[in-house]
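A short write-up of the structure that comes next.
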Amino acid sequence: MHTRNAKLPDAQHIHTLIKNYSHDGTLLPRSLPELYENVRDFVVVEDEGKIIGCGALHMYGPHLTEVRSIAVSPAYKGKGAGRILIDALLAQAEEHDVKCVCLFTRIPDFFALFGFRAATREDMPDKIYKDCVNCPRLHACDEVAMVRGELPKMAVLGASNIQLPIIDVKMIEKQMYKKSVASG
Ligand SMILES: CC(C)(COP(=O)(O)OP(=O)(O)OC[C@H]1O[C@@H](n2cnc3c(N)ncnc32)[C@H](O)[C@@H]1OP(=O)(O)O)[C@@H](O)C(=O)NCCC(=O)NCCS
Numbered sequence: 009m010h011t012r013n014a015k016l017p018d019a020q021h022i023h024t025l026i027k028n029y030s031h032d033g034t035l036l037p038r039s040l041p042e043l044y045e046n047v048r049d050f051v052v053v054e055d056e057g058k059i060i061g062c063g064a065l066h067m068y069g070p071h072l073t074e075v076r077s078i079a080v081s082p083a084y085k086g087k088g089a090g091r092i093l094i095d096a097l098l099a100q101a102e103e104h105d106v107k108c109v110c111l112f113t114r115i116p117d118f119f120a121l122f123g124f125r126a127a128t129r130e131d132m133p134d135k136i137y138k139d140c141v142n143c144p145r146l147h148a149c150d151e152v153a154m155v156r157g158e159l160p161k162m163a164v165l166g167a168s169n170i171q172l173p174i175i176d177v178k179m180i181e182k183q184m185y186k187k188s189v190a191s192g
């Protein structure tokens, strides 16, 4: 059993794996087109050439990444696939120097094994604006927010009272205009 980065042809298997757990709300459903678009976020677990598990690491920025869509095929649960999957995703987060890894779950005890601790949704405005605002359970969420690492001090999505990095778009446009005039 080993992990590897997912490739485009794996999207169909990932779709099937996630579907096992999305009908009852355990996992957010992911459509096939969305999986094709985001397949590079995914790691898969292979056993004798068969894909038996998947999980994704979604990047918000250097301040935050999210572990998503963790699924091990029902027939392979309890054989260590979940552990090597989370270890692989955390190793990727480290490679990318991301300060905080977050996730939302109903099985916090599983993720506590990997050093995650409970937090609040409000600690991660990016997650709220990416998913929660579109979720029918926005005001009745029964998932535990968890983090590993430093809580984010900034956000990049949506309205937030957390200070955003200031990007002077006008100044960038002016510089681009000057360059294009200079180059004729
Ligand atoms: C959760 C899940 C990924 C675990 O995968 P797995 O391959 O069965 O897990 P492993 O065999 O690698 O177990 C690793 C450790 O986690 C523990 N564990 C497994 N499932 C657990 C659970 N639901 N709650 C708490 N601990 C759990 C195991 O006892 C084991 O502990 P140990 O190493 O101390 O013996 C798998 O059960 C699954 O796909 N569940 C349905 C989808 C889901 O809930 N995804 C997470 C949504 S946030």
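Mapping of the sequence shown onto the numbering used here: position 4 corresponds to residue 12, and the numbering continues sequentially without gaps. Ideal placement from N, C-alpha and C gives every residue a C-beta, glycine not left out.
For residue i, write down the residues that DSSP places opposite it in a beta bridge.
i, result
"Gly157", "Cys108"
"Ile94", "DSSP lists no partner for Ile94."
"Ala126", "Met154"
"Cys62", "Val52, Ala79"
"Arg12", "Val52"
"Leu40", "For Leu40, which the question treats as bridged, DSSP gives no partner whatsoever."
Kindly indicate which three-state DSSP category residue i falls into: helix, strand or coil?
i, result
"Met67", "strand"
"His23", "helix"
"Phe50", "strand"
"Pro77", "As written in the sequence, residue 77 is Ser, which differs from the Pro given in the question. In the structure shown, Ser77 sits in a strand (DSSP, three-state: E or B)."
"Lys85", "coil"
"Leu35", "coil"
Verify the CB distance criterion: does residue i have a CB-CB separation below 7 Å to chain D?
i, result
"Gln100", "No chain D is part of this structure, which consists of one protein chain only."
Can you tell me whether residue i sits near ligand 1, meaning its C-beta is under 6 Å from at least one heavy atom of the ligand?
i, result
"Gly90", "yes"
"Val117", "Sequence check: residue 117 is Asp here, not Val. Yes - ligand 1 has a heavy atom lying nearer than 6 Å to the Cβ of Asp117."
"Lys135", "no"
"Thr24", "no"
Using alpha carbons as the reference points, say which of the options lies closest to residue i.
i, options, result
"Cys143", "Phe112, His10, Ala83, His104", "Phe112"
"Leu98", "Pro82, Ile78, Tyr84, Arg114", "Ile78"
"Tyr84", "Met154, Asp18, Leu25, Gly192", "Leu25"
"Lys161", "Glu151, Asp131, Ile136, Thr11", "Asp131"
"Phe124", "His66, Val75, His31", "Val75"
Grab me the residues of residue i's own chain with a C-beta within less than 8 Å of its C-beta, minus the 5 sequence neighbours each way, in chain order.
i, result
"His21", "Val52, Ile59, Cys62"
"Leu35", "Ile26, Tyr29, Ser77, Ile78, Ala79"
"Met9", "Val53, Glu54, Asp55, Ile60, Lys87, Gly88, Ala89, Ile92"
Return the chain-ordered list of same chain residues with a C-beta closer than 7 Å to the C-beta of residue i, the five sequence neighbours on each side being excluded.
i, result
"Glu158", "Lys107, Cys108"
"Thr128", "Ala153"
"Lys138", "Leu165"
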